[in-house]
Amino acid sequence: MILMIDEEKSKMRSFKDYLNEYGYDVYMSTNFVDSSEFINENKNNIDLIFLDIMMPYLNYFTNEETINGLISGECFYNKIQKELKYTIPVIILTAINNKELLTRLSKNNNTIVHQKTDSPSDILASVKKLINRWINEKIIYFYYFYFCIIANFYT
Numbered sequence: 002m003i004l005m006i007d008e009e010k011s012k013m014r015s016f017k018d019y020l021n022e023y024g025y026d027v028y029m030s031t032n033f034v035d036s037s038e039f040i041n042e043n044k045n046n047i048d049l050i051f052l053d054i055m056m057p058y059l060n061y062f063t064n065e066e067t068i069n070g071l072i073s074g075e076c077f078y079n080k081i082q083k084e085l086k087y088t089i090p091v092i093i094l095t096a097i098n099n100k101e102l103l104t105r106l107s108k109n110n111n112t113i114v115h116q117k118t119d120s121p122s123d124i125l126a127s128v129k130k131l132i133n134r135w136i137n138e139k140i141i142y143f144y145y146f147y148f149c150i151i152a153n154f155y156t
């Protein structure tokens with residue numbers, strides 16, 4: 002499942018429909034409170050998060066934390082990664098062209114930054130790349146955990 006977080010419903014809906022055509026199940030959220038609740042209730046089923054970097058943050062972060070909203074999405078991203086203790090792949094969609102911010106966000110191996118003007122096919126390629134990598138990591142973790150249990154059982 003893909004969680005899409007953006008306050009612009011019309012743009013989200015058209016991209017959600019595009020992803021649905023390729024077989025992806027997408028849940029849309031327009032704020033951090035609902036998104037956080039959804040993540041907590043569905044954390045084992047989320048394969049990817051789309052996140053707008055600059056969103057309304059009222060009742061969730063302070064002006065100081067988000068630099069007056071400029072990095073509210075980054076604050077949310079850091080918060081959920083810390084709470085979950087693992088990294089759900091994230092595609093950050095932004096209209097911001099701040100090189101320092103984009104470089105900082107791109108440092109995580111499970112994060113790809115796209116401009117909102119990028120083509121849907123380019124973004125879809127990133128979706129496939131991140132979800133395939135995420136599924137492979139889950140499989141490797143499962144087998145590692147399974148073999149640790151078996152090894153402890155026979156020792």
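Residues in the sequence shown are numbered from 2 upward in steps of one, following my numbering. Just so it is clear, CB atoms sit at the ideal spot from N, CA and C, and this is done for glycine as well.
- Excluding sequence positions up to five before and after residue 127, its CB lies within less than 7 Å of the CB of 92, 113, 115, all in the same chain and listed in chain order.
- Between residue 54 and the set 16, 42, 105, 41, the nearest pair of CA atoms involves 105.
- For residue 15, no beta strand (DSSP E) run applies; the uninterrupted alpha helix (DSSP H) run containing it begins and ends at 10-22, by DSSP.
- Residue 90 and residue 21 have their C-alpha atoms roughly 19 Å apart.
- Rounded to whole angstroms, the gap between the alpha carbons of residue 37 and residue 14 is 20 Å.
- Judged by DSSP secondary structure, residue 89 falls outside any beta strand (DSSP E); it is assigned neither H nor E.
- If the five residues before and after residue 121 are omitted, its C-beta is found closer than 6 Å to the C-beta atoms of 19, all from its own chain and listed in chain order.
- For residue 27 against residue 5, the beta-carbon gap comes to about 6 Å, under 8 Å, which counts as contact.
- Straight-line spacing of the CA atoms in residue 29 and residue 130 works out to 21 Å.
- Inter-residue distance for residue 49 and residue 79 is about 15 Å (C-alpha atoms, whole angstroms).
- Going by C-alpha positions, residue 46 is about 32 Å away from residue 101.
- Per DSSP, residue 37 is one residue of the alpha helix (DSSP H) stretching across 33-43.
- In the structure shown, residue 122 adopts helical secondary structure according to DSSP, grouped into three states.
- In the DSSP annotation of this structure, the continuous segment of the beta strand (DSSP E) that includes residue 53 starts and ends at 49-53.
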